[in-house]
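Structure first, commentary second.
Numbering (our numbering), first residue to last: 85 to 551.
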């Protein structure tokens with residue numbers, strides 16, 4: 085038995101070393117492309133290949149897939165199929181497919197990109213999409229990585245940056261880069277103060293608090309001509325250099341940018357694994373997409389919550405556990421969700437069974453009807469405030485009232501700290517379950533991740549800092 089175990093170690097070590105020999109970690113390649121289509125048909129149209137600086141991630145690229153995403157990119161040696169590098173991600177296009185326009189076959193185009201270490205052998209880049217009904221990834225594009233014609237990235241001329249703390253070399257740490265949008269030159273000090281303040285909240289939250297020595301933190305911005313970002317609902321049209329805007333997919337609070345070109349060029353000036361974006365605004369809002377970026381408004385009372393919640397999406401592929409808020413998507417019960425903190429209980433058990441509290445009932449009873457009744461009036465008032473363009477202070481007051489109103493339902497002594505399967509999650513009141521009664525992925529009440537979410541974040545930190 086020991087000999088077999090030793091042989092397996094040698095085989096996998098050999099594969100890892102072979103992979104490393106076939107990659108040039110001194111150069112990162114960024115493949116830019118357009119993602120075109122709708123819910124029923126999609127394709128990828130190549131744009132260009134861009135070279136960046138040294139690869140900032142770990143050189144040990146084994147076991148890099150967590151199985152949480154809708155899309156996958158693999159770098160394979162030509163003809164052999166040997167995988168040199170693989171990554172998974174979600175995308176804005178993937179979200180578009182679940183909107184009413186996407187389901188109505190309205191064609192849209194979103195620009196995207198994927199980064200990988202430069203191969204030193206002939207290799208193909210394969211992009212694939214997850215097929216829910218078949219339970220497999222289906223290839224969309226296979227393209228030879230060129231030896232020539234690569235375009236060096238163009239660093240923005242007016243950028244300003246700062247190191248907050250550095251714990252070691254990029255290849256052995258999780259490199260977090262905070263970008264700013266809608267900050268004028270006069271707001272430069274404010275941006276770095278905002279970045280320090282909100283990242284402070286993040287690193288006071290577990291598991292980031294106890295694993296802070298695994299991270300490097302930097303921040304950078306391009307001064308904007310005007311302060312703030314577009315807010316279509318309130319007819320405000322300030323334009324930041326990174327293209328972020330409120331009301332993405334006609335959801336007032338949803339902030340995204342659909343053109344990653346300037347974002348990636350600014351980011352390429354620094355080593356990074358994870359992108360966070362602050363927009364210079366007091367209005368509530370944010371967004372987060374797995375392995376793309378997380379974004380938050382800077383100055384709302386709830387900005388610390390949004391900053392951490394959206395980081396959970398982008399860093400660990402965590403799903404939204406709430407289900408009462410208005411959303412841009414058309415969601416129906418279906419197969420087991422890809423997200424690690426949501427489950428439809430196939431076979432009557434959740435995917436986090438190893439973390440269940442001893443003796444807990446599955447599903448786990450809670451006062452869902454009382455909570456839902458309380459949230460009906462809250463969400464009605466929220467829609468009214470949004471439609472009327474009410475002052476930010478009124479929405480902040482509503483969120484404070486919501487916290488007081490729902491605390492009774494979300495913090496009973498008998499359920500605190502219990503990991504089970506609580507019905508309601510992933511935008512659905514029925515048929516989808518979350519691990520704990522409350523979590524930062526569920527509500528603004530609890531400033532902490534549940535055990536399942538924390539476990540997934542720890543795994544991701546360990547993968548990115550294992551050199």
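Yeah, the Cβ is synthetic: ideal placement off N, Cα and C, and Gly gets one too. Please read all numbers here as calculations on a predicted model, not as lab measurements.
In three-state DSSP terms, what is residue 278?
helix
State buried or exposed for residue 310, treating a residue as buried only when at least 16 other CB atoms are found within 10 Å of its CB.
exposed
To which residues does DSSP link residue 194 through a beta bridge?
119
DSSP state of residue 318 mapped onto helix, strand, coil:
helix
What whole-angstrom Cβ distance do residue 427 and residue 505 have, given they're in contact under 8 Å?
7 Å
Residue 43 versus residue 455: straight-line alpha-carbon distance, rounded:
Look at the range of the chain in this structure, 85 to 551, and you will see that residue 43 is not part of it.
Among 113, 157, 230 and 278, the one whose alpha carbon lies nearest that of residue 384
Nearest in C-alpha terms to residue 384, of all of 113, 157, 230 and 278, is 278.
Sort 132, 357, 481 and 492 by Cα distance to residue 255 and report the nearest one.
357
Please classify residue 190 as buried or exposed, where buried requires at least 16 other C-beta atoms within 10 Å of its C-beta.
exposed
For the beta strand (DSSP E) containing residue 228, list its first residue and its last residue.
220-228
Examine the Cβ distances between the segment 440-451 and the segment 490-502 and report whether three or more of them are shorter than 8 Å.
Result yes; three or more Cβ-Cβ pairs closer than 8 Å.
Exposed or buried, what is residue 86 when buried is set at 16 or more other beta-carbons lying within 10 Å of its beta-carbon?
Per-residue confidence for residue 86 stands at a pLDDT of 45, beneath the threshold of 50, marking its modelled position as unreliable; the derived number appears in the next sentence. The residue in question, residue 86, is exposed, as its Cβ has fewer than 16 Cβ neighbours within 10 Å.
Going by the beta-carbon positions, is the gap between residue 290 and residue 538 smaller than 7 Å?
yes
Proximity of residue 170 and residue 148 at Cβ, strictly below 7 Å
yes
Does DSSP put residue 424 in a helix, a strand or coil?
coil
Which residue comes first and which comes last in the alpha helix (DSSP H) that contains residue 496?
Here residue 496 belongs to no alpha helix (DSSP H), and DSSP marks it neither H nor E.
Taking three-plus beta-carbon pairs below 8 Å as touching, is the segment 207-223 in contact with the segment 397-416?
no
Start-end ranges of the alpha helix (DSSP H) lying completely within the segment 388-436, minimum 4 residues:
Counting only unbroken stretches of 4 or more residues, no alpha helix (DSSP H) element lies wholly within the segment 388-436.
Can you name, in chain order, every residue of its own chain whose Cβ lies under 8 Å from the Cβ of residue 234, other than the five neighbours on each side?
113, 133, 134 and 135
Please check the pair residue 306 and residue 325, which I expect to be a contact at CB under 8 Å, by giving their CB distance rounded to whole angstroms.
Sure, about 4 Å apart at Cβ, within 8 Å.
Where do the N-terminal and C-terminal ends of the alpha helix (DSSP H) with residue 345 fall, by residue?
345-351
Considering just the uninterrupted stretch of the alpha helix (DSSP H) at residue 178, what are its terminal residues?
176-180
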